[in-house]
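> The sequence shown maps to residues 406 to 1043 in this note's numbering.
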Amino acid sequence: MPTKDKTPTIASVDDDTLFRWRWDRGAMDLMTPLNRLYGEATDIDALGQRLKTLLKEKWDARPADLRAQDLARDINPGWFLSQQMVGYVFYIDRFSGTLKALPEKIPYLQELGVTYAHFMPCLKPRPGDSDGGYAVMDYGAINPALGTMADFRKATAKLRAAGISTCVDMVLNHTAKEHVWAQRARAGDAFYQSFYRMFDTDILPRQYEHTLLEVFPNQAPGNFTWYPDIQKWVWTTFNEYQWDLNWENPEVFLAVLGIILDLANNGADVMRLDAVAFMWKRMGTICQNLPEVHDLLQAIVQATRIAAPGVIHKAEAIVGPTDLVPYLGQGRHAGRESNLAYHNNLMVQFWSTLASRDARMMADVLAHHFPKSFRNAQWATYIRCHDDIGWAITEADAERHPPLTGPGHRKFLTDFFTARHPGSFARGADFQVNEVTGDRRTNGTFASLAGLETALESGDAHMIRLAVDRILMGHALIASFGGMPLLYMGDEIGMLNDHSYLDDPDLAGDGRWMQRPRMDWATAGEAATADTPQAWIWRGVRHIMARRKVTPQLAGTVPTEIIPLANPALFALRRPGDEAPLTAVFNFSEHWQNVAGVKLGLNPAERQFDALAGQEALPGSGTLSLPPYGRVWLVPQS
Ligand code: GLC
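#1: Since I believe V681 is in contact with V698 (beta carbons under 8 Å), could you give me their beta-carbon distance rounded to a whole number of angstroms?
#2: Quick one: which unbroken beta strand (DSSP E) runs of 3-plus residues sit fully inside the segment 714 to 759? Chain order, please.
#3: How would you label L476, buried or exposed, when you count the other beta carbons within 10 angstroms and need 16 or more for buried?
#4: For my contact list, G833 and S853 are in at a C-beta cut-off of 8 Å; report their separation, rounded to the angstrom.
#5: Can you list, in chain order, the residues of its chain whose CB lies under 6 Å from that of F495, leaving out five sequence neighbours each side?
#6: The beta strand (DSSP E) spanning T630 covers which residue range?
#7: Does the beta carbon of Y787 fall short of 6 Å from some heavy atom of the ligand GLC?
#8: What do you get for E462, buried or exposed, if any count of 16 or more other CB atoms within 10 angstroms of its CB means buried?
#9: Quick check on DSSP: helix, strand or coil for T810?
#10: Report yes if the C-beta of F643 is less than 6 Å from at least one heavy atom of the ligand GLC; otherwise report no.
#11: Could you give the C-beta distance for A760 and L809, rounded to a whole number, given that I count them as a contact under 8 Å?
#12: Rounded to a whole number of angstroms, what is the C-alpha to C-alpha distance between L666 and E645?
#13: What whole-angstrom Cβ distance do I569 and A522 have, given they're in contact under 8 Å?
#14: Residues in the same chain with beta-carbon distance under 8 Å from Y601, minus the five sequence neighbours each way, listed in chain order, please.
#15: Taking the alpha carbon of A866 as the reference point, which residue from F851, D936, R923 has its own alpha carbon closest?
#16: Assign V576 to one of three DSSP states: helix, strand, or coil.
#17: Can the beta-carbon of M490 be found less than 7 Å from the beta-carbon of T520?
#18: If we ignore side chains and look at the alpha-carbon of each, how far apart do F1055 and T458 end up?
#19: So H965 and S757 are in contact, right, with Cβ under 8 Å, and what is the actual spacing, rounded?
#20: Relative to the alpha-carbon of N670, which residue among P468, D844, Q837 has its alpha-carbon at the smallest distance?
#21: Taking E984 as the reference, which of P1041, L504, F643, A951 has the closest Cα?
#22: Return helix, strand or coil for K954, following the three-state DSSP convention.
#23: May I have the straight-line CA-CA distance separating L1029 from V1000, to the nearest angstrom?
#24: Quick one: does the C-beta of D792 sit closer than 6 Å to a heavy atom of the ligand GLC?
#25: Touch check for the segment 721 to 738 and the segment 941 to 959: three-plus C-beta pairs under 8 Å?
#26: Which residue from P530, A1016, I883 puts its Cα closest to that of L1039?
#27: Between the segment 604 to 613 and the segment 621 to 631, are three or more C-beta pairs nearer than 8 Å?
#28: Counting Cβ pairs, one atom from each stretch, are 3 or more of them under 8 Å apart for the segment 418 to 437 and the segment 698 to 708?
#29: In this structure, does DSSP put Y906 in helix, strand or coil?
#30: Counting along the chain, where does the alpha helix (DSSP H) carrying Q515 start and finish?
#31: Tell me, please, which residues DSSP counts as bridged to K637.
#32: Quick check: is any heavy atom of the ligand GLC less than 6 Å from the C-beta of A1044?
#33: Taking one C-beta from the segment 918 to 925 and one from the segment 954 to 961 each time, how about it: are there three or more such pairs within less than 8 Å?
#34: Indicate the three-state DSSP secondary structure (helix, strand or coil) for W652 in the structure shown.
#35: Hey, how far is the Cα of A473 from the Cα of A673?
#36: Relative to the C-alpha of K582, which candidate in Y597, C572, D574 has its C-alpha closest?
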């Protein structure tokens, strides 16, 4: 029996006790997937002991203010699911120049309602071409061009004080070939050679290639690279200089986990786990989305929950619908895996529907493949990011909507968004044209793809207005679909394609730089008052995000139900909040559209209020009329 003075009180709960409690809470969810992954080949108890020691060491090193935040987030574990969350994604050099200068931009972020800032890759990259920073040579150092780890700590602390969490990229499928592990492997150190996937002959690489796909068929064909100095083939899924890590080796798990926890202790709140689909390989498969990836992710998430519980994880898996859902935790991983994952399918369907003016496939795909909600997880919703658009539309999904076919519709989309299709409003460019499969992807900024570039050149006021409304409709969609909306830097002021990358030899080979312009601070500076299309977009985005924050139905805990409609131009969804449902309707065409309230499932006896515009909607007649690219968030008027 515990004596009275051994009973813990809040005052006596020290950091060791907290660690013990969190270990007890999470050990099973941590060790079960590790046992599945490594139990056969390794002494799992010894691995568990090493892991516990590592977690305790990182917890002991965790600064006091972050431990306090951990406790606050333990008490409010749904903090990241709130409708108050609004994300903003930027390259530090292109946004503020340096990390030191970043805090000066906090008022700008606050004005937009931002509560989550994603720093694009900011760790020390290899020199020269580094795949936009996704080839990291030192995970313990900030890119010297941006600042130091001390600057990082200061910047994240200032953001935190302003109510903004920091997300950083954790590139864990590969390191740069200049990373010290790769260098040691290259020097013949067997311990580090087992960190990578190396082969003495091309026999196995050739066998793997039978079923592998190519990520960069133009700039980096094939998945393996021969290094004559070490007489080895190395697995290089992306570029030659990005060496895939061997996650079958538990030493890799421990080493990468240590890096994640160090970043957490320096102030990162969210880890964007890069290219996770590729982390595990198996002969005879495309080596993407294998079940082991989900065990790995669960183990990373659960280990973090013990040593840095205020930190969450976002999976970057840009894959088809059925492969995407498991990243938010399904079956035995429910509530235990990534807390956020990019909804690339919503993004693809948005663009597809803008081009076709037919939302029926979008409604079908989103209703058919995706659960209405997740446990302890939600989508990161977005329209554009720093990458190209991969047209993840399956044959089966297209064929359910005859006369569409997978290849036919994908060709239509790539033609439409590169203005090869007659009457297209878009201005984009092809990326990674695969001559063998016919596959091609698309680059371009939100505004250029949505027609603003073409419209501004024409000077036609009506076309400009339509482009602005397409852009605002997209923002209203990601703010209400279900998930945390991510604004990509510059999209809030309609920035156009940037071709200046062609003048920089380190960037010229990668067309994705077209959608990574430098922030136009002059335009942003006058956005609150100017009467320009860019300023209309900025004020529209600010308004949408402000309305989101006061609309509880938009929290990540509220399910998303797709409403099938006969009118192909309209897309609608319902968020059945506790008090009253919210019905969001979007017009994907340049014509007025009508829909009867009953078709949306509205109660004819109730008057509807548009929570987006902040005014009454559906006056009297029971029919909703939406202008070109119109959008409403209807809630019954109380
Ligand atoms: C992710 C990044 C992309 C990068 C790739 C390889 O997909 O978003 O920019 O090229 O990973 O790291």
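Glycine included, each C-beta is placed from N, C-alpha and C at the ideal position.
In this structure, then:
#1: Position 293 of the sequence shown, counted from the first residue, corresponds to residue 698. Position 276 of the sequence shown, counted from the first residue, corresponds to residue 681. Cβ-Cβ separation between V698 and V681: approximately 6 Å, consistent with a contact (criterion under 8 Å).
#2: The DSSP assignment places complete beta strand (DSSP E) segments of no fewer than 3 residues inside the segment 714 to 759 at 717 to 720, 745 to 747, in order along the chain.
#3: Start at 1 with the first residue of the sequence shown, and residue 476 comes out as number 71. Exposure of L476 is indicated by the presence of fewer than 16 other C-beta atoms within 10 angstroms of its C-beta.
#4: Here residue 833 corresponds to residue number 428 of the sequence shown, with the count starting at 1. Here residue 853 corresponds to residue number 448 of the sequence shown, with the count starting at 1. Contact flag correct, Cβ pair sits at about 7 Å.
#5: Numbered from its first residue, the sequence shown carries residue 495 at position 90. M894.
#6: Taking the first residue of the sequence shown as position 1, residue 630 is located at position 225. Segment 629 to 632, the beta strand (DSSP E) holding T630.
#7: Residue numbering aside, residue 787 sits at position 382 when the sequence shown is read from its first letter. A distance criterion of 6 Å places the beta-carbon of Y787 beyond contact range of the ligand GLC, judged by its closest non-hydrogen atom.
#8: Along the sequence shown, one-based indexing puts residue 462 at 57. With fewer than 16 Cβ atoms within 10 Å of its Cβ, E462 is classed as exposed.
#9: Within the sequence shown, residue 810 is the residue found at index 405, counting from 1. The answer is coil: DSSP assigns T810 none of H, G, I, E or B.
#10: Position 238 of the sequence shown holds residue 643. Answer for F643: yes, Cβ within range of the ligand GLC.
#11: Looking up residue 760 in the sequence shown gives position 355. Looking up residue 809 in the sequence shown gives position 404. Not really, about 12 Å apart at Cβ, beyond 8 Å.
#12: Sequence index remark: in the sequence shown, residue 666 carries index 261 (1-based). Sequence index remark: in the sequence shown, residue 645 carries index 240 (1-based). L666 and E645: Cα-Cα distance of roughly 28 Å.
#13: Within the sequence shown, residue 569 is the residue found at index 164, counting from 1. Within the sequence shown, residue 522 is the residue found at index 117, counting from 1. Yes, I569 and A522 are in contact; Cβ-Cβ is about 5 Å, under 8 Å.
#14: One-based indexing of the sequence shown puts residue 601 at position 196. Excluding sequence neighbours, Y601 sits near W586, A587, A590, V639, W640, W648, D649, L650, N651.
#15: In the sequence shown, residue 866 corresponds to position 461, counting from 1. Nearest option by C-alpha distance: D936.
#16: Along the sequence shown, one-based indexing puts residue 576 at 171. Note: V576 maps to strand in three-state DSSP.
#17: Here residue 490 is taken as the residue at index 85 of the sequence shown, counted from 1. Here residue 520 is taken as the residue at index 115 of the sequence shown, counted from 1. With a cutoff of 7 Å on beta-carbon distance, M490 and T520 are scored as near each other.
#18: The shown model of the chain, from 406 to 1043, leaves out residue 1055, and the question about it has no answer.
#19: Residue 965 sits at position 560 when you count from the first residue of the sequence shown. Residue 757 sits at position 352 when you count from the first residue of the sequence shown. Contrary to the premise, residue 965 reads as Thr rather than His in this sequence. In fact, because the Cβ distance is near 19 Å, the residues do not count as touching under 8 Å.
#20: For the purposes of this step, residue 670 is identified with residue 265 of the sequence shown, where counting begins at 1. Nearest of P468, D844, Q837 to N670, Cα basis: P468.
#21: Translated into the one-based positions of the sequence shown, residue 984 becomes position 579. When each option's Cα is compared against that of E984, the closest is P1041.
#22: Counted from its first residue, the sequence shown places residue 954 at position 549. If DSSP states are grouped into helix, strand and coil, K954 belongs with the helices.
#23: Start at 1 with the first residue of the sequence shown, and residue 1029 comes out as number 624. Start at 1 with the first residue of the sequence shown, and residue 1000 comes out as number 595. Between L1029 and V1000, the C-alpha separation is close to 5 Å.
#24: Numbered from its first residue, the sequence shown carries residue 792 at position 387. Result yes, Cβ under 6 Å from the ligand GLC.
#25: Too few Cβ pairs lie closer than 8 Å, so no.
#26: As a working mapping, residue 1039 is identified with position 634 in the sequence shown. Nearest neighbour of L1039 by Cα position, chosen from P530, A1016, I883, turns out to be A1016.
#27: The segment 604 to 613, when compared against the segment 621 to 631, does touch it at the 8 Å Cβ threshold.
#28: Contact holds: three or more Cβ-Cβ distances are below 8 Å.
#29: The residue labelled residue 906 in the question sits at position 501 within the sequence shown. In the three-state DSSP reduction, Y906 falls in the helix class (H, G or I).
#30: By 1-based counting over the sequence shown, the position of residue 515 is 110. 511 to 517 is the span of the alpha helix (DSSP H), which, as asked, contains Q515.
#31: Here the question's residue 637 lines up with position 232 in the sequence shown. Among the bridge pairs identified by DSSP, K637 is matched with Y632.
#32: Here the chain has residues from 406 to 1043 only, and residue 1044 is not among them.
#33: Taking a cut-off of 8 Å for Cβ pairs, the segment 918 to 925 and the segment 954 to 961 do not touch, as fewer than three such pairs fall below it.
#34: Sequence index remark: in the sequence shown, residue 652 carries index 247 (1-based). The answer is coil: DSSP assigns W652 none of H, G, I, E or B.
#35: For the purposes of this step, residue 473 is taken as residue 68 along the sequence shown, with counting starting at 1. For the purposes of this step, residue 673 is taken as residue 268 along the sequence shown, with counting starting at 1. CA-to-CA, the gap between A473 and A673 works out to about 14 Å.
#36: In the sequence shown, counting from the first residue as 1, residue 582 sits at position 177. With distances taken between Cα atoms, K582 lies closest to Y597.
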